[in-house]
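Numbering (this note's numbering), first residue to last: 1 to 104.
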């Protein structure tokens with residue numbers, strides 16, 4: 001599970017590279033203000049992705065231990081792991097919405 005946070009960061013990174021023209025070979029000129037806006041729009045997926053990945057790994061390890069001791073608790077364990085993933089998805093959405101709000 002924690003690998004998805006890296007995929008979300010990669011997705012936002014490619015989105016930025018495509019919209020700024022860097023990936024296409026003809027980069028558009030951006031001002032310092034636009035550069036700062038782009039930087040700050042990427043922060044949610046970076047910070048939340050790091051911490052949710054960290055805690056999702058801990059939650060998944062605890063879920064495996066719970067399932068080994070009590071197989072009937074497997075459903076609860078999976079729900080707890082996916083709840084941590086929800087915050088990573090929210091950060092992906094926040095970064096994409098913030099970035100799309102920047103006029104380039």
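Yeah, the Cβ is synthetic: ideal placement off N, Cα and C, and Gly gets one too.
When 13, 42, 32 and 67 are compared, the shortest CA-CA separation from residue 23 is found for 13.
In the three-state DSSP reduction, residue 30 falls in the coil class, being neither helix nor strand. Taking the Cα positions, residue 36 is about 12 angstroms away from residue 98. Around the beta-carbon of residue 17, fewer than 16 other beta-carbon atoms lie within 10 Å, marking it exposed.
With a contact defined as Cβ atoms closer than 8 angstroms, residue 67 and residue 81 miss out at about 11 angstroms. Note on residue 88: 16 or more other CB atoms within 10 angstroms of its CB, so buried under the neighbour-count rule. Nearest neighbour of residue 47 by Cα position, chosen from 104, 8 and 101, turns out to be 8.
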